[in-house]
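Protein chains in written order, with this note's numbering: chain A, 1 to 326; chain B, 327 to 443. Glycine included, every Cβ here is placed at the ideal spot set by N, Cα and C. It should be emphasised that the depicted structure is a prediction, and the values quoted were computed from it without experimental measurement. Below: one structure, written as structure tokens.
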Amino acid sequence: MIFLDRNRLMFRFPEVHEDAICSIELQRTLRIPDDDKDYPLPPGLGAFELRHLDDYSARLPQSWCRRGGVIAPMHQAEAMWINFTSDYPFAVKVATGKICAITGDAWTNHLNCDPQDYAVLPDQPWLDGYSVEKGIIRQFVAMPLGGGYTVEEQLTEAAVHGGIQFVVYPIKAERYFDHGMQFLRSSFGRDTIMGLAPGGRMKQDIYDDRRGLDVWDQRHGSRCFVSLVNTAQWMAITGERPPTDPPTAQAYTARGLPWFDYYDGDSKVMAGSKKLRNLKSVAKNAEATSQSDLPDNETILVPNVIALGKPGRRPVRESAGDESVF
Amino acid sequence: MTHFGSTIREIRERLRRDDRRYSVRQVAGRVGIEPAYLSKIERGEVAPPSEATTVRLAQDLGEDPDVMLALAGKVSTDLQAIIRKRPRLFADLIRQLKEAPDKAVLRVVREVRDGNW
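Spelled out as structure tokens, the structure:
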């Protein structure tokens with residue numbers, strides 16, 4: 001079962017094990033420059049608002065209502081990362097526009113191991129973007145569906161789904177014990193619906209599944225579709241004020257606030273997807289079409305990087321509330 | 327109150343065994359209180375801190391803020407607001423569920439619906 005708790009998606013599998021609980025949160029963050037340089041991890045600036053889509057069904061297209069799930073607001077060209085929290089082991093598939101963010105393959109509900117199309121929790125604390133090379137991702141950046149920027153459009157030549165999709169599978173209870181682990185109808189124009197596109201390059205490892213496919217309990221999965229709308233549409237749908245603009249990477253860095261690096265020396269790192277590597281980033285795409293959809297994209301120097309090693313506990317990747325100065 | 331303090335101390339000391347950033351001084355610094363005040367809280371010499379401080383303390387120690395607030399004898403402001411909005415309904419609901427097993431309580435939690443996609 002999935003429920004919403006303070007803007008977190010809580011996945012709970014009491015039928016598998018009482019400890020089988022994980023949360024997924026979409027974190028607001030800085031958009032790193034899309035300039036082909038490799039940047040460290042940007043901070044978390046608080047969670048995106050999430051609401052039950054069913055609560056606004058009268059103001060949404062029927063095709064959205066059929067999907068169920070939740071709805072979230074994003075500014076155009078705003079970036080996000082996905083925050084996983086769990087002690088119990090889970091396999092999590094993440095897709096945008098129904099394209100896997102790890103392999104670039106079309107969505108399937110089940111797990112695949114060749115190539116591995118899921119992240120393993122709790123080894124993987126975060127996912128900031130599309131896996132394009134070993135140890136390198138391209139940041140998740142929100143762009144209007146229909147503009148040709150999104151991964152979905154670049155790989156399928158169609159702008160149908162947008163949004164973010166998750167499916168979560170817990171480890172089989174017996175394997176947990178075995179290992180002794182602790183561990184608006186007419187006004188719904190295309191430019192109001194958001195999808196995710198590949199942004200700037202960032203250093204982030206995505207870890208191999210060291211246990212193998214058999215340990216995951218694929219009889220007990222839970223799926224969720226997160227529909228993304230722009231901030232004007234969010235206000236029209238929910239009546240709530242949209243979130244303020246996040247700070248730019250330049251402004252954040254100029255104030256001496258920290259960026260992050262994370263290493264887990266014990267885990268093997270996945271190679272990254274060739275399909276995703278060959279996609280055009282937002283900046284390249286805008287350049288090719290002579291559009292100016294990506295403001296504040298100047299290269300920056302990042303002097304203040306905090307190294308977060310393999311933790312005895314979960315590492316904290318926040319700017320200690322300093323974002324309030326913006 | 328003493329239970330709150332000793333729990334905080336126990337968690338902090340456990341974390342400090344692996345990570346020196348969990349000294350009284352450093353935790354107090356991150357949470358925004360004086361080290362002497364945190365020591366007094368841990369020893370149960372003063373009442374648990376404000377809601378905001380308790381939440382920051384819980385977050386720094388990697389604990390659930392609601393659980394820490396409950397230990398401090400408090401209910402978070404957002405939960406109070408929810409109950410105040412529909413007091414009779416929620417008072418009834420909580421009383422009805424007070425003895426129910428976790429599985430039964432989970433059945434009344436509103437699920438995020440998965441549809442056809």
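### Task
Answer with yes or no whether the minimum CB distance from Leu423/B to chain A is below 8 Å.
no
- If we ignore side chains and look at the alpha-carbon of each, how far apart do Met143/A and Ala58/A end up? 25 Å
### Task
Give the residues from the segment 75-86 of chain A that approach chain B closer than 9 Å (Cβ to any Cβ), ordered along the chain.
Of all residues in the segment 75-86 of chain A, none places a beta-carbon less than 9 Å from a beta-carbon of chain B.
Checklist entry - Are the C-beta of Gly441/B and some C-beta of chain A separated by less than 8 Å? => result yes
Q. Of all the residues that make up the segment 205-223 of chain A, which are near chain B by a beta-carbon distance shorter than 8 Å?
A. Ser222, Arg223
(message) So, for Leu383/B: in the same chain, excluding its five sequence neighbours on each side, which residues have a beta-carbon less than 6 Å away from its beta-carbon?
(response) Val357
- Taking all protein chains shown into account, do 16 or more other C-beta atoms lie within 10 angstroms of the C-beta of Val325/A, making it buried, or fewer, making it exposed? Unreliable placement is indicated for Val325/A, whose pLDDT of 44 sits below 50; the coordinate value is still reported in the next sentence. Flag for Val325/A reads exposed.
- Label Pro170/A either buried or exposed according to how many other C-beta atoms from any shown protein chain fall within 10 Å of its C-beta, with 16 as the threshold for buried. buried
Terminal residues of the alpha helix (DSSP H) in which Asn285/A lies:
282-288
Worksheet item: Which stretch, first to last residue, makes up the beta strand (DSSP E) that contains Arg12/A?
Response: 8-12
### Message
Using only the alpha-carbon positions, how far apart do Leu228/A and Ala362/B sit?
### Response
47 Å
Q) Roughly how many angstroms separate the alpha carbons of Val269/A and Leu45/A, rounded to a whole number? A) Near 27 Å, if we compare the C-alpha coordinates of Leu45/A and Val269/A.
Item checked: Where the alpha helix (DSSP H) containing Trp64/A begins and where it ends -> 62-67
Query - Residues of the segment 263-281 of chain A with Cβ closer than 9 Å to any Cβ of chain B, in chain order - result: none
* Answer with yes or no whether the minimum CB distance from Arg51/A to chain B is below 8 Å. => No, Arg51/A lies away from the interface with chain B (no Cβ there is under 8 Å from its Cβ).
- Query: In terms of residue numbering, what span does the alpha helix (DSSP H) encompassing Ala158/A cover?
  - Reply: Segment: none, Ala158/A is in no alpha helix (DSSP H) and carries neither H nor E.
- Taking just the CA atoms, how far does Phe260/A sit from Asn112/A? 30 Å
Asn109/A classed as buried or exposed, judged by whether at least 16 other C-beta atoms fall within 10 angstroms: Label assigned to Asn109/A: exposed.
task: Compare the beta carbon distance of Arg201/A and Asp38/A with 8 Å and say whether it is the shorter of the two.
output: For Arg201/A and Asp38/A, yes; Cβs fall inside 8 Å.
Checklist entry - Which residues in the same chain have their Cβ closer than 6 Å to the Cβ of Pro418/B, if we skip the five residues on either side of it in sequence? => result According to the sequence shown, residue 418/B is Asp rather than Pro. Answer for Asp418/B: no residue qualifies.
Quiz item: Mind listing which residues of the segment 239-265 of chain A have their C-beta closer than 9 Å to chain B's C-betas, in chain order?
Solution: none
So, for Phe416/B: in the same chain, excluding its five sequence neighbours on each side, which residues have a beta-carbon less than 8 Å away from its beta-carbon? If the five residues before and after Phe416/B are omitted, its C-beta is found closer than 8 Å to the C-beta atoms of Ile408, Ile409, all from its own chain and listed in chain order.
* Asked: Contact between the segment 131-143 of chain A and the segment 48-66 of chain A: three or more CB pairs below 8 Å?
  -> no
Discussion item. Give me the chain B residues within the contact set of Pro14/A, using Cβ-Cβ distance strictly less than 8 Å, ordered along the chain.
Written reply: The contacting residues are Asp428, Lys429, Leu432.
Margin query: Rounded to the nearest angstrom, what separates Gly148/A and Ser86/A at their Cα positions?
Written below: 35 Å
Closer than 8 Å, CB to CB, is Phe352/A near chain B or not?
-> Past the edges of chain A, shown from 1 to 326, lies residue 352/A, and the structure says nothing about it.
First and last residue of the beta strand (DSSP E) that includes Ile82/A?
Per DSSP, Ile82/A belongs to the beta strand (DSSP E) from 79-86.
Practice task
Identify whether Leu397/B lies in helix, strand or coil by the three-state DSSP scheme.
Solution key: helix
If we ignore side chains and look at the alpha-carbon of each, how far apart do Arg369/B and Leu308/A end up?
If I take the Cα positions, the gap works out to 31 Å.
Check your understanding: Which class does Val353/B belong to by DSSP, given the choice of helix, strand or coil?
Key -> helix
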